[in-house]
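The next block holds one structure in the form of structure tokens; read it before the comments.
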Amino acid sequence: MSFLSRFRLPSIKLPEFLSSSKDKEILTPLLGEDPGERDRLAAIRALSHAVRNDPDSVEIYLALGNLFRAQGDIERAIQLRNTLIVRPNLEDQLKARVYFELGHDYKRGGFIDRALQAFDQARRLIGESDEITRDMARLHAESGNFDQAAALFGKLGLRIPQAHYIVRHAQELLQSGAKNEGRKLLSRALKVNHGSVEAWQELIKLSALDEDWRKTKKQLSNALESVPADLRFLILENLLHLTLPKYVPTQQVENFRMQLCKSVLSVVEDQKPDLLLQYYGALNLLRCGDTETANAWLAKTMVLNPDFWAARLALLDIAMSQQPLSPVFKGQLEFFVEHAHHVKKFVCRACGLHRKTTFYRCPRCRSWHSIGFRTSLQD
29 MSFLSRFRLP
39 SIKLPEFLSS
49 SKDKEILTPL
59 LGEDPGERDR
69 LAAIRALSHA
79 VRNDPDSVEI
89 YLALGNLFRA
99 QGDIERAIQL
109 RNTLIVRPNL
119 EDQLKARVYF
129 ELGHDYKRGG
139 FIDRALQAFD
149 QARRLIGESD
159 EITRDMARLH
169 AESGNFDQAA
179 ALFGKLGLRI
189 PQAHYIVRHA
199 QELLQSGAKN
209 EGRKLLSRAL
219 KVNHGSVEAW
229 QELIKLSALD
239 EDWRKTKKQL
249 SNALESVPAD
259 LRFLILENLL
269 HLTLPKYVPT
279 QQVENFRMQL
289 CKSVLSVVED
299 QKPDLLLQYY
309 GALNLLRCGD
319 TETANAWLAK
329 TMVLNPDFWA
339 ARLALLDIAM
349 SQQPLSPVFK
359 GQLEFFVEHA
369 HHVKKFVCRA
379 CGLHRKTTFY
389 RCPRCRSWHS
399 IGFRTSLQD
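Take any residue in the sequence shown, count from 1 to its spot, add 28: that is its number in my numbering.
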């Protein structure tokens, strides 16, 4: 049984003065549903009256504190929790619940250290709890303590976020110049989750920036075999935008781009026919300046999926550069093509959120690795 279910607030017995259907409508959803802005204010007034009538009711205090937090009145929510904590003879289970809610109050207010302390107090009172550990892991992640976040997600057996935050920690080390330690962490992330797209991306990036093309190709091949098929496009999307720093001479940048494109193509060519692999292969060919071969690759994607809008758009770009067009028609077509390039290419397969940029965790529904490429505009 989970921490929250063991210590969920019991139903509040409505005082006699709250007997109207409207009062019941307001109070019914207090312990789990959001009654809305207007009803929350009404519920706060009702519970404030209830507290005055029954000042010893811990349940009403907790519900009222949650409503204050939902309204953004963090100071009053914290005051209520502290009032409960200092009560004599408050049993450990209820006190743990108070600390748990206090942690969420502090988190909402941006006091991360205090939130962690409150969650830790709850854990000390009732022992290890998945809910507390999960919230502490999220807090560490939000505060940039990626090493601790990874450790806590590991305790929960959540390998995807554990590997993700190991990679985030590795990136910090790499940026600070600790390359050996950073690479060791990336290897550790792959041991935790061998399909970690984040870890593979970072390893391939390091090899490419070192211009070790043999290693780049080997790691890219291994990544395409290890990462779930519906996430492989993330690796190629990332490589498509990989460039050398601006201070590097132009000639060296051009050579780097050509070598990277060739490395990607040599690996993609060895893969079984796949819509997105063909598409990203074509984009690399375009970057290398091989329009004719890119056109052929895009045509293959049309065989695999005639509705693949992104490939049709790329084909249209090629055709526009090769066909003589009247100034009026060209202007109109360029207008629509320009707007088409701003279509949000990525979608969360869990909640349907559309995004222009890639993500590892959906910013709306918080699902991990739920990103997909919108092969159809109906997605």
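Note that beta-carbon positions come from the ideal geometry of N, C-alpha and C, so glycine has one too.
Remember, predicted model here, so these are calculated numbers, not experimental data.
- [ ] Can you tell me the Cβ-Cβ gap for E129 and N94, rounded? I've got them flagged as a contact below 8 Å.
- [x] 7 Å
Open item on the list: Less than 7 Å between the beta carbons of K290 and Q306, yes or no?
Closed with: no
Open item on the list: Going by DSSP, what residue range makes up the beta strand (DSSP E) through F387?
Closed with: Unbroken run through F387: none, as it is neither H nor E.
- [ ] With DSSP as the reference, label F147 as helix, strand or coil.
- [x] helix
- [ ] Starting from V281, trace the alpha helix (DSSP H) both ways and give me its first and last residue.
- [x] Looking at the DSSP string, the run of the alpha helix (DSSP H) that includes V281 is T278 to V296.
TODO: Assign F336 to one of three DSSP states: helix, strand, or coil.
DONE: coil
Open item on the list: Against chain E, with Cβ distances strictly below 7 Å, would Y193 count as a contact?
Closed with: Of the protein chains in the structure, only one exists, and it is not chain E.
- [ ] Consult DSSP for V371 and reduce its assignment to one of helix, strand or coil.
- [x] coil
Open item on the list: Would L288 and A236 qualify as a contact pair, given that the criterion is a beta-carbon distance under 7 Å?
Closed with: yes
Open item on the list: Whole angstroms are fine: how far does the CA of T403 sit from the CA of V371?
Closed with: 12 Å
Open item on the list: Please report the straight-line C-alpha distance between A124 and F284, rounded to a whole angstrom.
Closed with: 57 Å
- [ ] Find out if the Cβ-Cβ distance for the pair W396, I188 is shorter than 7 Å.
- [x] Cβ distance < 7 Å, so W396 and I188 count as in contact.
- [ ] Go ahead and pull the three-state DSSP assignment for G223.
- [x] Residue state, collapsed to three classes: coil.
Open item on the list: Let me check one thing: in DSSP terms, what residues is W396 bridge-paired to?
Closed with: Paired residues: R389.
TODO: Taking 8 Å as the threshold, find out whether the region 377 to 392 comes into contact with the region 341 to 355 through three or more Cβ pairs.
DONE: no
Task: Own chain residues within Cβ distance below 7 Å of L344, not counting five before or after - done: V365
Task: 8 Å contact criterion, which D302 and G400 should meet: CB distance rounded - done: The pair is not a contact, with the Cβ atoms about 14 Å apart (cut-off 8 Å).
Task: Cβ shell of C393 (< 6 Å), same chain only, five flanking positions each side left out - done: A378 and C379
Task: Element boundaries [alpha helix (DSSP H), containing H197] - done: R187 to Q203
TODO: Report yes or no: do three or more beta-carbon pairs, one from the region 162 to 179 and one from the region 192 to 207, lie closer than 8 Å?
DONE: Because the criterion of three Cβ pairs below 8 Å is met, the region 162 to 179 and the region 192 to 207 touch.
Task: Simplified DSSP assignment, three categories, for F96 - done: helix
Task: Beta-carbon contacts of G131 that lie in its chain and below 6 Å, excluding the five residues immediately before and after - done: A143, A146 and F147
TODO: Sort N333, L90, R315 and Y193 by Cα distance to I107 and report the nearest one.
DONE: In the sequence on display, residue 107 carries Gln and not Ile. Of the candidates N333, L90, R315 and Y193, L90 places its Cα closest to the Cα of Q107.
Task: Cα-Cα separation, V114 to R136 - done: 22 Å
Task: Alpha-carbon spacing of H369 relative to G223, whole angstroms - done: H369 and G223: Cα-Cα distance of roughly 30 Å.
Open item on the list: Please tell me whether A217 and A227 are closer than 7 Å, where the distance is taken between their beta carbons.
Closed with: yes
TODO: Would you mind sorting A347 into buried or exposed? The rule is 16 or more other CB atoms within 10 Å of its CB.
DONE: Answer is exposed; the Cβ neighbour count stays below 16.
Open item on the list: Quick check on F261: does DSSP put it in helix, strand or coil?
Closed with: helix
Task: Endpoints, alpha helix (DSSP H) assigned at K245 - done: Residues W241 to S254.
Task: For L141, the nearest candidate out of N173, P116, Q121 and V126 (CA to CA) - done: The question names Leu, yet the displayed sequence has Asp at residue 141. The shortest C-alpha separation from D141 is found at N173.
- [ ] Have a look at L304, Q350, S254 and V296 and flag the residue whose alpha-carbon is nearest the alpha-carbon of T319.
- [x] Q350
TODO: In angstroms with no decimal places, state the Cα-to-Cα distance between G182 and Q190.
DONE: A straight-line Cα-Cα distance of about 6 Å links G182 and Q190.
- [ ] Reducing DSSP to helix, strand and coil, say where F139 ends up.
- [x] coil
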